[in-house]
Structure formats: structure tokens, C-alpha cells
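Using the numbering used here, the first residue of the sequence shown is number 27, and each one after it goes up by one. Yeah, the Cβ is synthetic: ideal placement off N, Cα and C, and Gly gets one too. Bear in mind that the values here come from a model prediction, so they are computed numbers and not experimental data.
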Amino acid sequence: MTVNSIPCRRENYGGLRTGPVEYLVVHYTAGDGDTARDNGLYFARERVEASAHYFVDRTGVVASVPENHVAWHCGAAVYRHPCCRNANSLGVELCSVMDEDGYRFEAATVDNAAALLAELMERYAIPVERVLRHYDVTGKCCPAPFVTDGAAWRAFLSRLEEPMTQEQFAGLMEQYHRDQGQQPPAAWSEEARAWAEGRGLLVGDSAGMRYQNPVTREELVEILYRVMGGADHGDAQ
């Protein structure tokens, strides 16, 4: 499963989370042959004041809204679900196709969605009972293929209960960190970033500055070494 990043237009999603991710909400795009890239580009370009964290199609996944921000994907005036809201959930949109019977998902899209959701469940310790349809949250017929065919939804959930191999988990985490590293830094850190880069405290690597990636202890030691003047500082004591 390939994950690419197309950052969402800032006006289309909310601020930083103030609490944990507790639910995963599945949607559909209501398109006919649209792609994850199509949707990623649309939400990056247009101001629609709606969003999702991920778009999934038969070829892979596009990350849109950062996971540490609130996407506007399941808000409503009246809710069916007592607890799931935008503020405590991640939204995942599956690209759809149409035939004479209505909307459906291609098998490869479902495969990619299952892999993505399994990784998110692992990361946030979310049980399968908290993987919901948009329908379960607000009553909207979304994702239509999993609302009109309840058996298909139950079969999809059963796949999420299958254990992930260590190799699968490692691959997904590697891709996740790569994608996070491509996310742009926030405007509020501009002055501090310029200060750090100007003094050589952060120089980046072949992947760029990776401002949205976690700092390893090895990297932290190197930063402190530069701040304190390295060996020269130790000799001066």
C-alpha cells in the first residue's frame, strides 16, 4: 500500500487536537471512478470547509489532514452516536465507482482501506468496535456500499480483527514517518526555525528538514551537542 501526502487547504480543517483519537470513521466519496489523488488535489485547492484525514483508492492512499489536527468529516446538528465526534476521530474516505446497482467499492480499494485502518487501530489502540461508518455517527447514508449491504460492512470489520504481521506493521510505520516528514511546519514556528537553521542546529538530510517527525534520542544528543558547542564547550569547563 502506497501512501502519498497532499496537504489539505488550511481553511478546510480545524485546529490541533486537545484529546486522544478514539474512533475511526469510514466514508465514501460518492464519485464514479475518482481517485485518492483527485480528492487530495481538490481539497488542497478548493475552500469547502470539509475534509478527511485520508483518501483511499485501488492504488493506494493519500494523506490530507494531519492526524494531530481535527478534520471536518462527521459533524452534524443531531447525532446518532453518543460519543464519536470530529474532535476525537479520524476520517477515512474510500473512492467509489457506480454500476446499475448503485455505488460500490473495488476490491483493491477495500484491501487498502483495511490495511490503513488496521495500522491506525494499532497506533491509537482502537478496538474494532470503535471503527464506525459515517452512518453510525449521524445517520447519513455513508458509505453507501457499506450501509445498503450490512453483510459487506460486517465482513470488512472482520478483516480488521485479523492480526497484523510485524513486517506489515514495520512497513506501515516507515511509510507513516516518511509522510509525516513531508508535512510543512506551522507558521508559528517560523522565527524559531530560522534561528535554529541559521546557527546550524538543524541542517536536514536527503528527506528535507522533517519538522513534523519525532526526534530520536540520537538526534536530540546531536542537537544538544551543537547548542553547547560540542567538545569545545566541554574543554572550557
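Residue range of the beta strand (DSSP E) that residue i falls in?
i: L50; result: Y49 to Y54
i: V96; result: H95 to A97
i: R156; result: Premise fails: R156 is in no beta strand (DSSP E) and is neither H nor E.
i: S31; result: T28 to S31
i: A181; result: Counting along the chain, A181 falls outside any beta strand (DSSP E), though it belongs to the alpha helix (DSSP H) covering G176 to L186.
i: A76; result: A76 -> no beta strand (DSSP E), and no H or E assigned at all.
Could you pull out every residue in the same chain whose Cβ sits closer than 7 Å to the Cβ of residue i, ignoring the five residues on either side in sequence?
i: L246; result: none
i: V281; result: Outside the shown range of the chain (27 to 263) lies residue 281, about which nothing can therefore be said.
i: E244; result: none
i: N94; result: L42 and R43
i: F131; result: L120, S122 and P171
i: H203; result: N239
Within 10 angstroms of the Cβ of residue i, are there 16 or more other Cβ atoms? Answer buried if so, exposed if not.
i: V47; result: buried
i: A89; result: buried
i: S232; result: exposed
i: R225; result: exposed
i: C11; result: Since the first and last residues shown for the chain are 27 and 263, residue 11 lies out of range.
i: H259; result: Residue placement at H259 is poorly supported in this model, since its pLDDT is 44, which falls under 50; the coordinates are not used for a value here.
i: A262; result: Residue placement at A262 is flagged as unreliable, the pLDDT there being 37, under the threshold of 50; a coordinate-derived value is accordingly withheld.
i: P240; result: exposed
i: S77; result: buried
i: A139; result: buried
On a CA-only basis, which of the options is nearest residue i? Give me that one, please.
i: E126; options: R111, D58 and V136; result: D58
i: V163; options: E187, T174, M199 and H99; result: H99
i: Y39; options: A212, V154, G165 and N112; result: N112
i: T185; options: A76, Y237, V157 and L120; result: Looking at the sequence itself, residue 185 is Arg, so the reference to Thr does not match. The shortest C-alpha separation from R185 is found at V157.
i: D64; options: E75, V87 and E145; result: V87
Counting along the chain, where does the alpha helix (DSSP H) carrying residue i start and finish?
i: Y150; result: A133 to Y150
i: D162; result: H160 to T164
i: A102; result: A102 -> no alpha helix (DSSP H), and no H or E assigned at all.
i: V173; result: A170 to V173
What would DSSP say about residue i, mapped onto helix, strand or coil?
i: N114; result: helix
i: N65; result: helix
i: V247; result: helix
i: G224; result: helix
i: N239; result: coil
i: V123; result: strand
i: H259; result: Note that H259 scores 44 on pLDDT, short of 50, meaning its location in the model is unreliable; the coordinates nonetheless yield the value given after this. The answer is helix: DSSP assigns H259 an H, G or I state.
i: G41; result: strand
i: R252; result: helix
i: G86; result: strand
i: D60; result: coil
Can we count residue i as close to the ligand NAD, meaning its CB is less than 6 Å from some heavy atom?
i: T61; result: Although the ligand NAD was asked about, the structure shown includes no ligands whatsoever.
Could you pull out every residue in the same chain whose Cβ sits closer than 6 Å to the Cβ of residue i, ignoring the five residues on either side in sequence?
i: V173; result: Y161 and C167
i: D137; result: none
Leaving out five residues before and five after residue i in sequence, what residues of the same chain have Cβ atoms less than 8 Å from its Cβ?
i: A56; result: S122, Y129, C168 and A170
i: L143; result: L50, V52, V118, V157 and L186
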